[in-house]
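Encoded as structure tokens, the structure appears first; notes follow it.
Numbering (the working numbering), first residue to last: 125 to 278.
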């Protein structure tokens, strides 16, 4: 069970759409568009291409969930709110995990995560045994926030 939770928390990220935007009409004017990125690009490249950094951020995500559950206790509304804040902080982790898995690089990710295996297992165990999980798994808003953060189970 612990291994399944570990896989669900780390290996599955939020689902992303694989649809491309429709092409512009043939007579549309072509303009130079400049967009500002949400965050400056990492000097080491995209997160899905830097598996050691992805593994470290995955551990930080786990530790963040543990901290939220410790603070919230049985307060499902507070846990839900804080999970939403974590989702904003760690959205790139779920997206990167999904890309890595989609590209068939799960074994490489597992190797990168091995460095943190004990810490991840301890966090997963604390999450699954927490008062928050015991009390809030029947709360629809909590379940949605948790699934949005770590991905729904397969």
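Note that CB positions come from ideal geometry on N, CA and C, so glycine has one too.
Any heavy atom of the ligand ADP closer than 6 Å to the beta-carbon of residue 223?
With respect to the ligand ADP, the structure shown offers nothing to examine, as it has no ligands at all.
Give every residue of the same chain whose Cβ lies closer than 6 Å to the Cβ of residue 268, excluding the five residues on either side of it in the sequence, and list them in chain order.
When the five nearest sequence neighbours on each side are left out, no beta carbon in the same chain lies closer than 6 Å to the beta carbon of residue 268.
Check for me: the alpha helix (DSSP H) holding residue 186 runs from which residue to which?
Start and end: 175 to 196.
According to the neighbour-count rule (16 or more other Cβ atoms, all chains shown, within 10 Å of its Cβ), is residue 152 buried or exposed?
Residue placement at residue 152 cannot be trusted, given a pLDDT of 43 that sits under 50; what the coordinates show is reported in the next sentence. Residue 152 should be labelled exposed.
What does a CB cutoff of less than 6 Å around residue 211 pick up in its chain, not counting 5 residues either side in sequence?
Shown here for residue 211: same chain residues with a beta carbon closer than 6 Å to its own, the five before and five after excluded, namely 272 and 273 in chain order.
How would you write the range of the alpha helix (DSSP H) that residue 169 sits in, first residue to last?
In the DSSP assignment, residue 169 falls outside any alpha helix (DSSP H) and carries neither an H nor an E.
Comparing alpha-carbon positions, which option in 176, 230, 199 and 174 lies nearest residue 258?
Nearest option by C-alpha distance: 199.
CA-to-CA distance, residue 249 to residue 226, given in whole angstroms:
Each residue's Cα considered, the two are about 27 Å apart.
Near residue 216, what residues of its chain come up, given a Cβ to Cβ distance below 8 Å and the 5 sequence neighbours on each side ignored?
Around residue 216: 171 and 181.
Cβ-based burial, residue 253 [other Cβ within 10 Å; buried from 16]
Around the C-beta of residue 253, fewer than 16 other C-beta atoms lie within 10 Å, and the residue is accordingly described as exposed.
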